[in-house]
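The opening position of the sequence shown corresponds to residue 1 in full-length UniProt numbering, with each subsequent residue numbered one higher.
All residues carry an ideal CB built from backbone N, CA and C; glycine is no exception.
None of these values were measured; they are calculated from a predicted model.
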Amino acid sequence: MPEPTLTELASALRDRQRPLKAGYREDPASAVIPATATARVDQTGLSATVSTWAGDVVAGLHPAAGGDGTQACSADILMQSLVACAGVTLSSVATALGVELRSAQVRADATWDARGTLGVDRAAPVGLTSVDLVFDLDTDADEDAVARLLELTERFCVVARTLAQPPTVTVRRA
1 MPEPTLTELA SALRDRQRPL KAGYREDPAS AVIPATATAR VDQTGLSATV STWAGDVVAG
61 LHPAAGGDGT QACSADILMQ SLVACAGVTL SSVATALGVE LRSAQVRADA TWDARGTLGV
121 DRAAPVGLTS VDLVFDLDTD ADEDAVARLL ELTERFCVVA RTLAQPPTVT VRRA
């Protein structure tokens, strides 16, 4: 069976999203979707296991904070979440706009200061201090179309938007 054309993909995407959009316009409360994650903490292993759609991920200390590098780093997981969301959003937006991508790669680069995480220097920040989201696109689209594609990808990417405009985080005991 031949691969669907970009026009067919765009039509199928619109067909899938049309009833969702109509429902959300009719009942805005139905568009508020919960997102939940749970980690099982292992104090002796200095780790936390997170169940994901792809299976369990064991997160541990980054080598810069005393880990041995065999477990996932939470900052890397955050960057992986960002590129996953940006990639899916890019693909969807490109399809909707009729922009053909022969290939596309999304990379996120970030930095954090281990002194803050380890409490070495109270003035050092804890957490990522800069994030650079880079798109490597192979397309015949003109610069205006690519600029629009990236603008809409940034606008509609849930993780990028969350990082750019962080929500209030409340820490409490259950």
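Which term fits V93, buried or exposed, when burial requires 16 or more other beta carbons within 10 angstroms of its beta carbon?
So V93 counts as buried.
Please state whether the Cβ-Cβ distance between T89 and T153 is less than 7 Å.
A distance below 7 Å separates the beta carbons of T89 and T153.
Among the candidates V159, V134 and L9, whose CA atom is the shortest distance from the CA of A147?
V134
Excluding sequence positions up to five away, which residues of its chain have a Cβ less than 7 Å from the Cβ of L9?
T95
Answer yes or no: do A85 and V169 have a C-beta to C-beta separation smaller than 7 Å?
A small correction: the amino acid at residue 85 is Cys; Ala does not occupy that position in the sequence shown. Cβ distance not < 7 Å, so C85 and V169 don't count as in contact.
Need the endpoints of the beta strand (DSSP E) that L101 sits in, please.
First-last for L101: undefined, no H or E at that position.
Spatial distance of D109 from T129 (CA atoms)
Between D109 and T129, the alpha-carbon positions lie close to 11 Å from each other.
Tell me the residue span of the beta strand (DSSP E) that contains R40.
Where R40 is concerned, the enclosing beta strand (DSSP E) starts and stops at A39 to D42.
Report, in whole angstroms, the separation of the C-beta atoms of I77 and A59, which I expect to be a contact under 8 Å.
About 7 Å; that satisfies the 8 Å criterion.
Can you list, in chain order, the residues of its chain with a C-beta nearer than 7 Å to that of Y24? Leave out the 5 residues immediately preceding and following it.
S30 and A31
Hey, quick one: how far does the beta strand (DSSP E) through S47 stretch, first residue to last?
S47 to T52
Shorter than 6 Å, the distance from the beta carbon of C157 to the closest heavy atom of the ligand NAP, or not?
Although the ligand NAP was asked about, the structure shown includes no ligands whatsoever.
Cβ contact (3+ pairs, closer than 8 Å) linking the region 109-120 and the region 138-146:
no
Comparing C-alpha positions only, which one of D136, L149 and G127 sits nearest to P166?
G127
Entirely within the region 111-148 and at least 3 residues each: give me those beta strand (DSSP E) ranges in chain order.
Within the region 111-148, the runs of beta strand (DSSP E) at least 3 residues long that lie entirely inside it are, in chain order, 128-138.
If you measure between the beta carbons of D138 and R102, is that distance less than 7 Å?
yes
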